[in-house]
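If you read the sequence shown in the working numbering, its first letter stands for residue 15, the second for the next number, and so on.
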Amino acid sequence: MAAETAAFDEVIHAPQRLRICAMLSAAQSVEFGVLLERLELSKSALSKHVSQLADAGYVTQERAVRDGRSRLWLSLTREGARAYAAHVRALQQIIAEDG
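This is the structure:
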């Protein structure tokens, strides 16, 4: 098996997008409202970050009706999960080199 490579990713690196990826990495999917509460962002700011991640192919968005309300669920794609893991490894390498 080939070793996983480290790759710094400018799309993921923005602090809020990094936090979004971390939350999505820890769960199969996360509801938009949960991200709003945890990240303490406005809807428009969170939407912008999610759109940037989706445009990069890192996040999928799925609407589902629950309790009579439409909710937006977000998940990392396989590509997004790989990019996030590679970015974390790149950050760990930077810390190890500079530490």
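Glycine residues also receive a C-beta, built at the ideal position from the N, C-alpha and C atoms.
Counting C-beta neighbours from all protein chains within 10 Å, is the total for residue i 16 or more, i.e. buried, or is it exposed?
i, result
"residue 101", "buried"
"residue 18", "exposed"
"residue 47", "exposed"
I'd like the list of long-range same chain contacts for residue i, defined as Cβ closer than 8 Å, with 5 residues on each side in sequence excluded.
i, result
"residue 63", "28, 30, 31, 34, 55"
Need the endpoints of the alpha helix (DSSP H) that residue i sits in, please.
i, result
"residue 66", "57-69"
"residue 24", "24-27"
Provide the residue span of the beta strand (DSSP E) that contains residue i, from first to last.
i, result
"residue 42", "It is not in any beta strand (DSSP E) - residue 42 carries neither H nor E in the DSSP assignment."
Apart from the five residues just before and just after residue i, which ones in its own chain have a Cβ nearer than 7 Å to its Cβ?
i, result
"residue 22", "101, 104"
With a threshold of 8 Å between beta-carbons, can residue i be considered close to chain C, or not?
i, result
"residue 25", "Although the question refers to chain C, the structure presented lacks it and comprises just one protein chain."
* Entirely enclosed beta strand (DSSP E) segments - the segment 76-108, minimum 3 residues -> 83-90
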